[in-house]
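Okay, so the sequence shown: first residue is 1 according to the UniProt record's numbering, each after it adds one.
Built from N, CA and C at the ideal position, the CB exists for glycine as well.
All figures in this text were calculated on a predicted structure; none of them were measured in a lab.
Report on the structure given below.
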Amino acid sequence: MNDTTIKKVDAAHSPQGSMGQKYLASGVSLSMRLWEEEPGSVDPQPMSRDYEVVGYVIKGTAELELEGQKLLLNPGESWLVPKHAVHRYQILEPFVAVEATAPPAQVHDRDSK
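In structure tokens form, the structure reads like this:
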């Protein structure tokens with residue numbers, strides 16, 4: 001049986017995660033989330049996740065430290081964080097970005113580990 005469910009999600013009414021992310025549309029294998037963060041936000045410790053992340057910067061600037069490399073993320077740029085890669089973000093300017101995670105980050109408490 002194929003899943004033919006259609007979903008539409010309004011970010012203004014989306015559930016919010018513990019890190020401030022807004023959960024957008026989500027399927028069985030993939031999900032989206034929205035980040036709207038202020039400067040000075042920094043992950044306290046490097047982390048790794050059991051999902052893959054691709055993201056796209058809409059506004060602002062952040063620094064992504066990934067496996068010992070530092071990348072500056074600017075508007076119009078996209079990035080990839082491989083599954084289990086050690087990383088952390090630091091927000092340098094008011095930042096808006098959309099990420100897709102596979103499998104969905106919010107399922108089975110993946111975001112809280």
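Starting from the Cα of residue i, find the closest Cα among the options and give me that residue.
i, options, result
"residue 58", "72, 103, 97", "97"
"residue 61", "82, 46, 38, 6", "38"
"residue 15", "35, 1, 50", "35"
"residue 44", "89, 68, 56, 2", "89"
Just to confirm before moving on: does the CB-CB distance between residue i and residue j stay below 8 Å?
i, j, result
"residue 87", "residue 73", "no"
"residue 29", "residue 84", "no"
"residue 52", "residue 4", "no"
"residue 18", "residue 106", "no"
"residue 93", "residue 54", "no"
"residue 24", "residue 12", "no"
"residue 71", "residue 64", "yes"
Going by beta carbon distance, what residues of the same chain come within less than 6 Å of residue i, once the five residues before and after it are set aside?
i, result
"residue 41", "91"
"residue 21", "33, 35"
"residue 95", "37, 60, 62"
"residue 76", "none"
In this structure, what does DSSP give as the bridge partners for residue i?
i, result
"residue 32", "100"
"residue 53", "81, 101"
"residue 69", "66"
"residue 42", "90"
Rounded to the nearest angstrom, how far is the Cβ of residue i from that of residue j, given a contact under 8 Å?
i, j, result
"residue 31", "residue 56", "Residue 31 to residue 56, Cβ: 15 Å. No contact."
Could you pull out every residue in the same chain whose Cβ sits closer than 7 Å to the Cβ of residue i, ignoring the five residues on either side in sequence?
i, result
"residue 9", "24, 25"
"residue 103", "29, 51"
"residue 82", "52"
"residue 7", "25"
Can you find the residues in the same chain that come closer than 8 Å, C-beta to C-beta, to residue i, ignoring five residues on each side of it along the sequence?
i, result
"residue 46", "65, 86, 87, 88"
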